[in-house]
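Structure first, commentary second.
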Amino acid sequence: MSFSQGFGNSNPFSGGIFGSGSGNSDSPRSGGSGGNRSGGSGSGEGRSRRPSALIITIIIIAVLVGIFVAASGFYTDVLWFNQVGYSEVFWTERLSRVLVFAAAFLVMGLLVWLSLFLAFRTRPTGAAQNVNDSVARYQSMLTSMRRLLMFGLPVLMGVFAGSAAQANWQNILLFFNQEPFGQTDPEFGLDYAFYVFTLPFLGFINGFLISAVLVAGIAGLLCHYLFGAIRIEQSGKFVIEKAARWHLAVTAAVVLALQGVNWWLDRYATMQDQSGNWAGAMYTDVNAVIPAQTILAVAAGLVAVIFIITAITKRWRLAIIGTAMLILTAIIGGGVYPFLVQEYQVNPSEQTLETEFIERNMELTRYAYDLDDMNQEFYDAQPMAEEGALAGDEFNVENIRLLDPNIVSPAFRQFQQFRPYYSFPDTLSFDRYEIDGETRDTVITAREVNAPSEGSWVNQHLIYTHGYGLVAANANTVTAEGRPEFTLEGIPTTGELASDEDYEPRIYFGENSPQYSIVGAPEGVSPMELDRPATQLTEEEAEEAEADEGRDAQYTFQGDGGPAVGNVFNRLVYALQFQAPEILLADDMTEESQILYDRHPRERVEQVAPYLELDQNMYPAIVDGSVKWILEGYTTSSDFPYSTQQQLESATTDALTQGAPALTGQVNYLRNSVKATVDAYDGSVELYAWDDEDPILQAWQKVFPNSLKPYSEMSAELMDHVRYPEDMFRVQRELLTEYHVTDPGTFYEGNDAWSIPGDPTSGEDVDQPPYYMTLQLPGQDEASFQLTSTFLPAAEADGTQRNVLYGFLGASGDAGTGEDGVKNENYGTMQLLELPRDTAIPGPGQTQANFDSNSAVAQQLNVLEIGGSDVIRGNMLSIPAGDGILNVQPVYVQSSGTDAAYPALRMVLVAFGEEVGHGDNLQEALDMIFDGDAGVEAAEGAGVDPDAVEQEVGVDPGAEGETAAPDDGQESPAPEDEATQDAGATQEPEEDTTSPAPGPVLDDADSQELLDRAGQLLNEKNEAWESGDRAEYYDAEIELDQVLEQLLENQDAQSQ
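In UniProt numbering, the protein residues as written are 1 to 1056.
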């Protein structure tokens, strides 16, 4: 935007236009305006001048305002980059864009100007009488506008060319700062860097020059025609003057020469071709297309020379014949001949002839996506569950996650939000922390500010400025009532992970931060920012804050998080940027005020590292005393030889990411080259060169030498929270549906293609997302934090598909070693387990169907759905264990029709092969499958306690997660009533144990009647709770217990 304004303001003809506009009036010069001012003509003249002067003044003011607004945006960018410490990136990018714009502007402008200048200067004299009247009129008009066209058209075309060219600034910088890959392509023997860095640059330069020469040539030849150097005379004779002949010949020669260069470069571009069944140059390309392109390149050069000769000899026949022969050669060599080779030589023996080139594609695709060092092993998974089968898999079983981060956000809100001005995201993050010397998988999230959308400007931008603290819970255990077992909770923060003394809990930069906030004040000024609820203050804190009873604590930002707005000018430019006059006029601004904006961590990293693609998932972690957002950065290319391109948006979309911001574009080279962190308190950004062997990253390090730090500067604590990137894993697993095959013959036949399982819980046709788990896979020496996924066979031609497992993929994400700057050598190790084809191991979809069709599970789910509660199925986890695949799915229940509802774990489903187990906890479900002996003990707390669930009456949202009985002033039931109830409850089991046979099985009608009665009792129980009628509440609860007991007895009778 600033470029076009700049050239517009420097237009030398703008003053001329205004001058001619005022000078065309005869009255100012001929009426003797200096004489009688009271005369009619004089007063009329005066009146006619004032509007003209006013309009000019308005235009000048408008232009100046526009310049100021544009300049203010540039100025705020300078302030932002200076504050965040990446001014090098800002100035390098802007200067590069300006230089590329200027170069393209000058080349295009000079060529167009030179072409017009030569055409006009060599125009024939005396030819006007031989042209028709319409052309003669154009000659007259062009002559009068000659100066404007001579300079205006080149400037206009230069602006267009510069604007288009400056978008290629990254390719240009990479070309001049390229680093070798150290490996060469199998056809031409050129380093991969030629294809990634050099070829895109040469293609851009050549394409730009062809466009510039064509535009300049057309402009010149049109000028020749309009001035008669090229004409059809009235006699019908076609005439082309010498100057026009030279102009046309030179233009054609240059274009042909450049086209010859283009054909020569196309030879190398066949290595990047994606149009066939396999990427890269195949048999036909190598044996027909490349030789034809070589011939065409040479032929184009020869025809270019012929055009120069034509200009000298004045004989066009040879040039015309040469051009026709070139076109014919292009048709035959570029189309017909390759078609014949493909159709009659390759297709009949395609597998034999293409095997060599398919092998190239397989090898380089794996290299380009960092799959070349993947471990592939056969895993002889067994379909039958045997007693003690899980012995030796203790670690895998103990770490099975029951808390689904995609489901339990409402529970975090219910017990940890505390105030409506806080919020949690719908999908929580997943990490691991060390507690008491043991690494635990953890569901974690940030308690961010949720500023009111309506309210005063002061509230939105000065009061509600930040969130407070992280909240975390064990992934593999829950409370006895099925709630998250928090390890980091409350305000102030407490828990096994940390406390407020261990880290800075305030979150000014996050996923949900306001657009901008103004913070900071001199020492001694009363704080304005709302910090945390008064109910969470200690007495000492309340006294320090001088808070009245019920008033929340206040705080003043102490860091350096944004540009200063203490002076009037800075406040003015930011008032313009955010269209908020309050920034300029507010009385609460001080000389220490800062403005925090661009607060989403992704936005900040995108601005300081414009050359990176960023993963759509980021997560918070406590690192070195502060909250850090950790992001994954990728370097990509779409020009790698012989590598298959992937459409990033489709490859990274699954049940978890659909509708979320996704990576876009097509690439055929991908590296997780950068780990980025953003401090949640002050917004500081750190970029670490993670894959320091990536030549693309090395090139960018030369461009921006001070913007990236080596990973050796990462602290041990930060290393401990690095994980394998999700989007890269999604792209890799998409490729492995085909490229798991190592034999080119099998790859050609395509009879071992795989697919990614659909998500069995989403109800939509979308891929199942990958899951983080701490696992020890077969063949691995120790467990590690891994990202995992499974594979099914690809669908048949008729659309049918077997939902059985063919593969399991795990990628190790443990980078920490306990030492600063030392990376775990096993980080990034990928292991692919291939399952037997002759044994049907159920996939996620089939396992879900087995759960749903199991009568015992269905009965339990029916009970859970009593009263209209929603049953929510959690993530279906597939775990290699017990010489087979263990599938685990947590089941949650959430009340419907209330804002206070949250999902609570109620059941665990487990499957091994076709065997299905269920229970209140993981151990019960495992024992059901393995005949009471799984060979391993699940983690304590891996499920719910039925007695605790039964006794749970409700949750008081104000009690910070504690259970609470209704406080209605009535007395609790007498102790003797409770004793009587307990006695009655224990008497029935005694009768059952002495009974020689189970009771009669109820028919479907009686079972349905009991279910309906249970639902009615649950509604009565809820109504009694809401009305405060404790007696009715307990009566309904007792009868409901009895009905449920009958249903369970009936279920046991059916199973015997």
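Backbone N, C-alpha and C define an ideal beta-carbon position, used for all residues, glycine too.
Unbroken alpha helix (DSSP H) run spanning residue i, endpoints
i: N262; result: 242 to 269
i: V871; result: That residue, V871, is in no alpha helix (DSSP H); its beta strand (DSSP E) goes 870 to 873.
i: F395; result: 394 to 398
i: M108; result: 87 to 121
i: Q416; result: 409 to 416
i: N570; result: 568 to 577
i: residue 1067; result: In this structure the chain extends from 1 to 1056, so residue 1067 is not present and cannot be described.
i: G810; result: Careful: G810 lies outside any alpha helix (DSSP H), inside the beta strand (DSSP E) at 807 to 812.
i: L735; result: 726 to 739
i: F851; result: 844 to 853
i: I230; result: That residue, I230, is in no alpha helix (DSSP H); its beta strand (DSSP E) goes 230 to 232.
i: E940; result: E940 -> no alpha helix (DSSP H), and no H or E assigned at all.
Range covered by the beta strand (DSSP E) that runs through residue i
i: T788; result: 784 to 793
i: Q554; result: 553 to 555
i: M589; result: That residue, M589, is in no beta strand (DSSP E); it is neither H nor E in DSSP.
i: L530; result: 529 to 532
Contacts around residue i, its chain only, beta-carbon distance under 7 Å, and the 5 residues preceding and following it disregarded
i: E582; result: W457
i: D967; result: Note on D967: pLDDT 36, under 50, position unreliable in the model; the coordinate value appears next. Contacts found: none.
i: Q69; result: It is worth fixing the name first, because residue 69 is Val in this sequence and not Gln. Counting only Cβ-Cβ distances below 7 Å, and skipping sequence neighbours, we find L576.
i: W700; result: Y611
i: N854; result: V916
i: M282; result: G276, E354, F357
i: I595; result: Y516, I518, G562, P563, V565, Y574
i: L572; result: L584
i: S895; result: S869, A901
Residues of its chain near residue i, where Cβ-Cβ distance is below 6 Å and the 5 sequence neighbours each way are ignored
i: Q414; result: Y902
i: S715; result: D624, D820
i: G40; result: Only weak support exists for where G40 lies, its pLDDT of 43 falling under 50; the value from the coordinates is given anyway. No residues qualify anywhere along the chain.
i: T761; result: R873
i: P180; result: D191, A193
i: F557; result: V519, G520
i: T980; result: Only weak support is given to the placement of T980: the predicted model assigns it a pLDDT of 33, under 50, and the value that follows is read from those uncertain coordinates. Once the five neighbours on either side are set aside, T980 has no close Cβ partner at all.
i: P533; result: F418, R419, D552
i: D933; result: E387, G388
i: P514; result: A451
Spatial neighbours of residue i in its chain, beta-carbon cut-off 8 Å, leaving aside the 5 residues before and after
i: Y421; result: V449, N450, A451, P452, Y464, L530
i: Q801; result: S755, L792, P793, A794, A795
i: V908; result: L402, V888, Q889, P890, V891, H918, G919, D920, N921, L922, E924, A925, A942, G943
i: P996; result: Note that P996 has pLDDT 39, beneath the 50 cutoff, so the model's placement of it is unreliable and no number is given.
Beta bridge counterpart(s) of residue i as assigned by DSSP
i: G884; result: A881
i: W754; result: P793
i: S517; result: L596
i: S771; result: It should be pointed out that residue 771 corresponds to Tyr in this sequence rather than to Ser. Per DSSP, T788.
i: Q376; result: L832
i: P744; result: Its beta-bridge partners do not exist; DSSP assigns none.
i: P710; result: A689
i: Y892; result: I872, L905
i: H918; result: L909
Does the region 161 to 174 come close enough to the region 199 to 210 that 3 or more CB-CB pairs lie under 8 Å? At 8 Å Cβ cutoff, the stretches touch.
Three Cβ pairs or more, each shorter than 8 Å: is that satisfied between the region 594 to 607 and the region 623 to 643? With the cut-off at 8 Å, the region 594 to 607 and the region 623 to 643 touch.
Just list the beta strand (DSSP E) runs in the region 617 to 679, keeping only unbroken ones of 3 residues or longer that don't cross its boundaries, in chain order. For the region 617 to 679, whole beta strand (DSSP E) runs of length 3 or above, ordered along the chain, are 619 to 623, 626 to 637, 669 to 679.
Looking at C-beta atoms only, is the number of pairs between the region 904 to 921 and the region 936 to 945 that lie closer than 8 Å three or more? Yes, they touch.
Can we say the region 632 to 647 touches the region 193 to 204, given the rule of at least three CB pairs closer than 8 Å? Proximity of the region 632 to 647 to the region 193 to 204 meets the contact definition, three or more beta-carbon pairs being nearer than 8 Å.
Quick check for students: name the residue ranges of the beta strand (DSSP E) that lie wholly in the region 422 to 486, counting only runs of 3 or more. Runs found: 429 to 435, 438 to 446, 470 to 478.
At least 3 beta-carbon pairs within less than 8 Å: the region 293 to 309 vs the region 354 to 370: By the Cβ test, the region 293 to 309 is not in contact with the region 354 to 370, since fewer than three Cβ pairs between them sit closer than 8 Å.
Assess contact between the region 789 to 803 and the region 745 to 763, defined as three or more Cβ pairs (one per stretch) separated by less than 8 Å. Is contact present? Because the criterion of three Cβ pairs below 8 Å is met, the region 789 to 803 and the region 745 to 763 touch.
Indicate whether the contact test is met: 3 or more Cβ pairs, each with one atom in the region 717 to 724 and one in the region 815 to 831, closer than 8 Å. Verdict: yes, contact present.
Three-pair Cβ contact test at 8 Å for the region 652 to 660 versus the region 701 to 715: A contact between stretches requires three or more CB pairs, one per stretch, nearer than 8 Å, and the region 652 to 660 fails this requirement with the region 701 to 715.
Are the region 745 to 753 and the region 843 to 851 in contact at 8 Å, needing three or more beta carbon pairs? Per the Cβ contact rule, the region 745 to 753 is not in contact with the region 843 to 851 (fewer than 3 Cβ pairs under 8 Å).
Measuring CB atoms only, is the region 216 to 224 touching the region 247 to 255, in the sense that at least three cross pairs come out at less than 8 Å? Touching, yes.
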